[in-house]
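Structure first, commentary second.
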Amino acid sequence: MRLKLRDQFYNASHFSDSAIYCDGCDLPRGLKHVRTVQNYKNGLLIRKFVGNEEVEYTDTPWFPSNDQKFDVTAIATAFGYNRLFALRQFMYRYQGPIVLVIYATSTQEVHLVRYISTHFIPKRVTILFYLVSRYLKSSTVFPINRLRNLAIRNIRTTHFLILDMDLRLSLNTYKEVLSLPQFLYQSNRSAVILPVFFYKGKQILAHCSSTESCSYLYAMFNRL
Numbered sequence: 362m363r364l365k366l367r368d369q370f371y372n373a374s375h376f377s378d379s380a381i382y383c384d385g386c387d388l389p390r391g392l393k394h395v396r397t398v399q400n401y402k403n404g405l406l407i408r409k410f411v412g413n414e415e416v417e418y419t420d421t422p423w424f425p426s427n428d429q430k431f432d433v434t435a436i437a438t439a440f441g442y443n444r445l446f447a448l449r450q451f452m453y454r455y456q457g458p459i460v461l462v463i464y465a466t467s468t469q470e471v472h473l474v475r476y477i478s479t480h481f482i483p484k485r486v487t488i489l490f491y492l493v494s495r496y497l498k499s500s501t502v503f504p505i506n507r508l509r510n511l512a513i514r515n516i517r518t519t520h521f522l523i524l525d526m527d528l529r530l531s532l533n534t535y536k537e538v539l540s541l542p543q544f545l546y547q548s549n550r551s552a553v554i555l556p557v558f559f560y561k562g563k564q565i566l567a568h569c570s571s572t573e574s575c576s577y578l579y580a581m582f583n584r585l
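Letter by letter, the sequence shown follows residues 362 to 585 in the working numbering.
Written as structure tokens, this is what we have:
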């Protein structure tokens, strides 16, 4: 049963840019190769990827033009590379633009670049590595607000939606967000709240032992 749930979780497929590789699917070995940098100026390194391609990171503010088409980017943050197992599900469930910021120490950089090298990432997804030297005393502190601000500075749409990697969205979330009334998204004083529901903790935790194995059960309960 557990293997079946695992397969259901990882076989979720959405094709954005390629007819061959689904979003988050494994790439053939040797097709992409991203190297570690290990150049931590002042103990910090930020790397930016649009799809599988690394681009130069700049801190220049960006604002949409007045005539830009309404669109909504989902932004999320993650602590360490161990949340990457859920990225394929996240891309499957939110089929619009995504900006993901991953906080990790320098020792985890190799795992992050290996993921980029071995999985297909569509161009609608921007991933930023916020890498901190393991020698810094603050390396175990998760600066959630700083990471969210970094994600917001890297959106290229008119609006954004703050989400969590552990959320299991309904498959129609992006479609429903885009169908919001025009007066809402044209207002500077409007905010939209996405309802979130929690499963009963005992109902889930009694049948799993890790974040990953519990996610398999979430996927089973949330197929809509």
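Cβ coordinates follow ideal geometry from the N, Cα and C atoms, glycine included.
Every value quoted in this text rests on a predicted model; they were computed, and no experiment measured them.
Limits of the alpha helix (DSSP H) - the one that residue i falls within
i, result
"Glu414", "Looking at the DSSP string, Glu414 is not in any alpha helix (DSSP H); the run it does join, the beta strand (DSSP E), is Glu414 to Val416."
"Phe544", "Gln543 to Tyr546"
"Ile513", "Ile505 to Arg514"
"Tyr560", "Here Tyr560 belongs to no alpha helix (DSSP H), and DSSP marks it neither H nor E."
"Leu539", "Thr534 to Leu539"
Burial state of residue i, where buried means 16 or more other Cβ atoms lie within 10 Å
i, result
"Arg444", "buried"
"Ile477", "buried"
"Ile516", "buried"
"Glu414", "exposed"
"Ser588", "Beyond the ends of the chain as shown, which are 362 and 585, falls residue 588; an answer cannot be given."
"Gln450", "buried"
"Ala325", "Residue 325 falls outside the range modelled here, since the chain spans only 362 to 585, and no answer is possible."
"Phe319", "Any property of residue 319 remains undetermined from this structure, which presents the chain solely from 362 to 585."
"Ser379", "exposed"
Nearest residue (CA-CA) to residue i, options the options
i, options, result
"Gly441", "Leu541, Met526 and Thr434", "Met526"
"Leu448", "Arg514, Ser426 and Gly412", "Gly412"
"Ala552", "Gln450, Cys569, Ser531 and Leu522", "Leu522"
"Gly457", "Lys536, Gln399, Gly391 and Leu405", "Lys536"
"Ala435", "Tyr560, Thr468, Gln399 and Tyr455", "Tyr455"
"Arg495", "Gln469, Arg485 and Arg509", "Gln469"
"Thr487", "Ile554, Phe424, Leu528 and Ala437", "Ala437"
"Leu566", "Pro556, Tyr577, Phe558 and Thr421", "Tyr577"
"Ala439", "Gln369, Val502 and Cys569", "Val502"
"Leu497", "Asp368, Pro389 and Asn403", "Asn403"
"Tyr491", "Leu364, Ser548, Tyr382 and Asn400", "Asn400"
Beta-carbon contacts of residue i that lie in its chain and below 6 Å, excluding the five residues immediately before and after
i, result
"Phe431", "Thr519 and Tyr546"
"Asp384", "His375, Ser377, Met452 and Pro483"
"Leu530", "Arg454 and Tyr455"
"Val395", "Val474, Ile477 and Ser478"
"Lys561", "none"
"Lys393", "Asn413 and Ser478"
Contact set for residue i: own chain, Cβ-Cβ below 7 Å, skip 5 residues either direction
i, result
"Gln429", "Thr519"
"Phe446", "Glu573"
"Leu585", "Low confidence applies to Leu585: its pLDDT is 48, below 50, so where it sits in the model is not reliable, and the reading given next is rough at best. Contacts found: Ser531 and Leu532."
"Ala373", "Arg449, Gln450 and Tyr453"
"Asp387", "Thr479 and His480"
"His568", "Leu578"
Close-in-space but distant-in-sequence residues of the same chain around residue i (CB under 8 Å, 5 per side omitted)
i, result
"Asn331", "The question about residue 331 has no answer here: the residues shown for the chain are numbered 362 through 585."
"Leu489", "Ile407, Arg408, Lys409, Phe410, Tyr418, Val460, Leu461, Val462, Ile463, Leu511, Ala512 and Asn515"
"Thr397", "Glu470, Val471 and Val474"
N-terminal and C-terminal residue of the beta strand (DSSP E) that residue i is part of
i, result
"Val553", "Segment: none, Val553 is in no beta strand (DSSP E) and carries neither H nor E."
"Val486", "Val486 to Val493"
"Leu522", "His520 to Ile523"
Item to check | Runs of beta strand (DSSP E) lying entirely within the region 416-476, each at least 3 residues, in chain order | outcome: 433-440 and 459-466
Checklist entry - Curious, which full-length beta strand (DSSP E) runs of at least 3 residues does the region 372-420 contain? => result 405-411 and 414-416
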